[in-house]
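Numbering (the UniProt record's numbering), first residue to last: 1 to 176.
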């Protein structure tokens with residue numbers, strides 16, 4: 001007998017219900033406004049001295065602040081502002097899993113996905129906003145490598161999504 005897949009993709013009950021098992025590596029400090037996963041994934045994962053984030057869209061209070069296409073109903077300048085917000089959320093996601101004695105030393109890699117009209121070619125002008133925020137937040141750190149990718153659509157109609165890999169630095173211990 002062949003069984004049909006369930007509409008939820010055979011996800012465990014903990015995922016379908018919106019909760020998931022707690023893992024120390026994915027823990028978020030209590031009382032933070034760190035981004036929350038909108039599905040069956042972690043917002044950030046630590047692998048050795050690197051933190052990888054999920055793609056972050058421009059949200060406030062859990063809601064997208066804009067939908068649409070870059071180069072169409074969203075201007076380059078608005079796209080830059082939305083990219084800054086999405087990058088801020090990615091940095092918050094990365095920081096949310098650090099120990100109290102750790103900080104982000106720098107961003108190694110940025111990927112900026114832009115939902116853009118087919119004729120749009122100014123991807124780098126929009127993605128530069130992500131690099132600028134990282135440079136502002138981490139002065140003296142080398143600029144990350146970066147990819148700016150034009151796509152047909154993003155989750156929820158978001159115009160931009162930012163994913164990053166950050167380097168973790170152990171904070172200096174004060175003599176005790």
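Idealized CB from N, CA, C, for every residue including glycine.
In the DSSP assignment, the alpha helix (DSSP H) including residue i goes from what residue to what residue?
| i | result |
| --- | --- |
| residue 105 | No alpha helix (DSSP H) contains residue 105, which is instead part of the beta strand (DSSP E) from 102 to 115. |
| residue 83 | 76 to 95 |
Would residue i be called buried (16 or more neighbouring beta carbons within 10 Å of its own) or exposed?
| i | result |
| --- | --- |
| residue 257 | In the structure as shown, the chain starts at 1 and stops at 176, and residue 257 therefore has no counterpart that could be examined. |
| residue 30 | At residue 30, the pLDDT of 38 sits below 50, so the modelled position is not reliable and the matter cannot be decided from this model. |
| residue 75 | exposed |
| residue 35 | buried |
| residue 91 | buried |
Using alpha carbons as the reference points, say which of the options lies closest to residue i.
| i | options | result |
| --- | --- | --- |
| residue 63 | 86, 47, 72 | 86 |
| residue 114 | 170, 126, 103 | 126 |
| residue 47 | 98, 89, 71, 77 | 98 |
| residue 107 | 52, 171, 101, 35 | 52 |
| residue 80 | 132, 45, 168, 105 | 132 |
Excluding five sequence neighbours on each side, which residues of the same chain lie with their C-beta closer than 7 Å to the C-beta of residue i?
| i | result |
| --- | --- |
| residue 155 | 57 |
Using a Cβ-Cβ cut-off of 6 Å (strictly less than) and excluding sequence neighbours within five positions of residue i, which residues of its own chain qualify?
| i | result |
| --- | --- |
| residue 148 | 112, 123, 124, 127 |
| residue 161 | 55, 57, 113, 154 |
In terms of residue numbering, what span does the beta strand (DSSP E) encompassing residue i cover?
| i | result |
| --- | --- |
| residue 151 | 145 to 151 |
| residue 160 | 160 to 170 |
Can you check whether the C-beta of residue i is within less than 7 Å of a C-beta belonging to chain C?
| i | result |
| --- | --- |
| residue 46 | As a matter of chain content, chain C is missing from the structure shown, which is built from one protein chain. |
Report yes if the C-beta of residue i is less than 6 Å from at least one heavy atom of the ligand SAM; otherwise report no.
| i | result |
| --- | --- |
| residue 101 | Looking for the ligand SAM in the displayed structure turns up nothing, as the structure carries no ligands at all. |
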